[in-house]
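Chemist: Below is a structure I'd like to ask you about.
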Amino acid sequence: MRPFDAVCDDGFLNVADELIAIGAKYGSISARTVIPHPTTVSRRVSEVANELREVVMPEIQSAMKEGRCSMTLDMWTNDHKKIAYITATAHYVSVKWELMSLVLFTSDFPPERKTGENIRKEIVRRSAKLGIDEGMLSNVVFVTDQGANIISALRPYARMNCCAHVLNTVLRNAFDDRYLAQELPDLLGQLQKLAMIKSVLSQYDAIENLLDSRGNLLLEDVNKTLLTEVTEFLEPFKEASEKLEQDNVVTVPLVLMFYTKLKKHLTADSTDSREVCELKSRTLEFFQIKLPIEEPHKVATFLWPPFRHLRVLDEQERKSVHDREKRAQIILIMNPQRSVHPLTNLRSGAMLRKLNQPTVLRRPVVARDNRSSTTGL
């Protein structure tokens, strides 16, 4: 099924415009003479896809080689046919310094167990078809959910957690029905109506007056105050998820900002009800376990001009970020042929340990062609 607003989609409107133009030019003709055969459509789609690959793949390959590319991976299963799919999307900085997001492939997963090894083989196989070898993949930072098989598949590569997925996991654990039924039964009853919370709140008084006038007390078991508290509790998570899921915007610097904001939000105060205090405490526990702030998050925030002062960190943490970034830049200066930022290597602590060591400065031998290196994402 498709939503009603499908008639407003650009694709539908383009087809409609083309059909209207054909009718205006040739008069009343049968649609059968205009609409191509499915085989023709399939063949043409493949041709267009190949043409687009020839245009965009050289730029993506170059971005991967230079450490200017990350990749998001997702897997899901069709509920009806139970077919598993895998999608890979490349996010890279173009030569015009524009952040681009392009789907590399969406394909059905082979009929075999979705183990880490099998997933990795499929990623490598699909990437190879696009001219992406394992050397290029080693320069890519993968962003995924926390599925055990995905983590296992990408163990040889750099990988970070998708923070939007993490927030979803945190809330799913915090709102576990079994826990709420035992500890906060009143809250569980309200959360079962959560899909309509906002619409109910916005029209609550009008609905209540209407029901009262009819002698109907269906809202007597709805705690308006608790509904309001739950809505206010969830709003910051909704904002964070939407901001962290943006496509053509750099989101890594936002992680530390929203981590700080949500951690403060989850601190109970005297105005919170008992139920919300319990909920905040439980959510904070999962939040701190599931979303640890890593060094790349801090460095990304430091490199983001509006927040370069790192006021959300204490003095010792700021000094640590400054020192590590200085050493990273020294490594790049002393190795002008290197274009991948040292912190791009997230596979082990080796590089971070190196960055923590005192650096002996020697005058680097730099080629005279004045080539500049580009730091990665």
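Counting along the sequence shown from 1, when you hit position 372 you're at 372 in the working numbering, and nothing is skipped either side. All C-beta atoms in this analysis are idealised placements derived from N, C-alpha and C, irrespective of residue type, glycine included.
Quick check on DSSP: helix, strand or coil for residue 50?
Modeler: It is helical.
Chemist: Can you tell me which residues form a DSSP beta bridge with residue 267?
Modeler: According to DSSP, which records beta bridges pairwise, residue 267 is partnered with nothing at all.
Chemist: With a Cβ-Cβ cutoff of 8 Å, do residue 86 and residue 75 count as a contact?
Modeler: Yes, the Cβ-Cβ distance between residue 86 and residue 75 is below 8 Å.
Chemist: With a 10 Å radius around its C-beta and 16 neighbouring C-beta atoms as the bar for buried, classify residue 218 as buried or exposed.
Modeler: At residue 218, the pLDDT of 47 sits below 50, so the modelled position is not reliable; the number obtained from the coordinates is stated separately. Residue 218 is exposed by the Cβ-count criterion.
Chemist: Report the partner residues of residue 103 according to the DSSP bridge assignment.
Modeler: 89, per the DSSP bridge assignment.
Chemist: Could you give the distance in angstroms between the alpha-carbon of residue 103 and the alpha-carbon of residue 233?
Modeler: Rounded to whole angstroms, residue 103 to residue 233 spans 35 Å at the Cα level.
Chemist: If the criterion is Cβ atoms closer than 8 Å, does the pair residue 253 and residue 307 meet it?
Modeler: Result yes, Cβ atoms of residue 253 and residue 307 sit closer than 8 Å.
Chemist: Thinking residue 40 and residue 174 are a contact (beta carbons under 8 Å), I'd like their distance in whole angstroms, please.
Modeler: Not a contact, Cβ separation roughly 52 Å.
Chemist: Can you grab the Cα-Cα spacing for the pair residue 256 / residue 292, in whole Å?
Modeler: Cα-Cα distance, rounded: 10 Å.
Chemist: Three-state secondary structure (DSSP) at residue 231?
Modeler: Of the three classes helix, strand and coil, the one that applies to residue 231 here is helix, per DSSP.
Chemist: At which residues does the alpha helix (DSSP H) containing residue 78 begin and terminate?
Modeler: Here residue 78 belongs to no alpha helix (DSSP H), and DSSP marks it neither H nor E.
Chemist: Hey, residue 167 and residue 268: beta-carbon distance below 8 Å or not?
Modeler: No, the pair does not count as a contact, with Cβ atoms beyond the cut-off.
Chemist: Quick one: what does DSSP say residue 216 is sitting in, helix, strand or coil?
Modeler: Note that residue 216 scores a pLDDT of 49, beneath 50, so its modelled location is shaky; the value from the coordinates is reported in the next line. Note: residue 216 maps to coil in three-state DSSP.
Chemist: So, helix, strand or coil for residue 149, using DSSP?
Modeler: Reduced to three states, the DSSP call for residue 149 is helix.
Chemist: Looking only at DSSP bridge pairs, what is residue 161 linked to?
Modeler: In the DSSP output, where bridge partners are listed per residue, residue 161 has 144.
Chemist: If we ignore side chains and look at the alpha-carbon of each, how far apart do residue 262 and residue 138 end up?
Modeler: Whole-angstrom Cα-Cα distance: 33 Å.
Chemist: Near residue 83, which residues of its chain fall below 6 Å by C-beta distance, leaving aside the five closest residues on each side in sequence?
Modeler: So the qualifying residues of the chain are 108.
Chemist: For the alpha helix (DSSP H) holding residue 116, just list the boundary residues, first then last.
Modeler: Note, residue 116: alpha helix (DSSP H), 116-129.
Chemist: In the DSSP assignment, what residue or residues form a beta bridge with residue 84?
Modeler: Residue 84 is bridged to 77.
Chemist: Answer yes or no: do residue 57 and residue 131 have a C-beta to C-beta separation smaller than 8 Å?
Modeler: Against a cut-off of 8 Å, the Cβ pair of residue 131 and residue 57 comes out as a contact.
Chemist: Going by DSSP, what residue range makes up the alpha helix (DSSP H) through residue 15?
Modeler: Segment 10-26, the alpha helix (DSSP H) holding residue 15.
Chemist: Let me see if you follow: with CB-CB separation under 8 Å, is residue 24 close to chain C or not?
Modeler: Although the question refers to chain C, the structure presented lacks it and comprises just one protein chain.
Chemist: Measure the C-alpha to C-alpha separation of residue 7 and residue 259 and round it to an integer number of angstroms.
Modeler: Approximately 39 Å, taken between the alpha carbons.
Chemist: Where do the ends of the alpha helix (DSSP H) carrying residue 30 lie?
Modeler: Here residue 30 belongs to no alpha helix (DSSP H), and DSSP marks it neither H nor E.
Chemist: Return yes when the C-beta of residue 269 is under 7 Å from any heavy atom of the ligand NAP, and no when it is not.
Modeler: With respect to the ligand NAP, the structure offers nothing, as it holds no ligand at all.
Chemist: Given a cut-off of 8 Å, decide if residue 154 and residue 169 are closer than it, judged by their beta-carbon atoms.
Modeler: Cβ distance not < 8 Å, so residue 169 and residue 154 don't count as in contact.
Chemist: Would residue 36 be called buried (16 or more neighbouring beta carbons within 10 Å of its own) or exposed?
Modeler: Result: exposed.
Chemist: Classify residue 23: buried if its beta carbon has 16 or more other beta carbons within 10 angstroms, exposed otherwise.
Modeler: Exposed is the call here.
Chemist: Would you check if there are 3 or more beta carbon pairs closer than 8 Å linking the segment 310-326 to the segment 270-280?
Modeler: Flag = no, the segment 310-326 and the segment 270-280 do not touch.
Chemist: Identify the continuous alpha helix (DSSP H) that holds residue 135 and give its terminal residues.
Modeler: Counting along the chain, the alpha helix (DSSP H) containing residue 135 begins and ends at 134-137.
Chemist: Would you please state the rounded distance, in angstroms, between the beta carbons of residue 136 and residue 61? I believe it to be under 8 Å.
Modeler: Contact flag correct, Cβ pair sits at about 6 Å.
Chemist: Where does residue 19 land, buried or exposed, given buried means 16+ other C-beta within 10 angstroms?
Modeler: Exposed, because fewer than 16 other Cβ atoms sit within 10 Å of the Cβ of residue 19.
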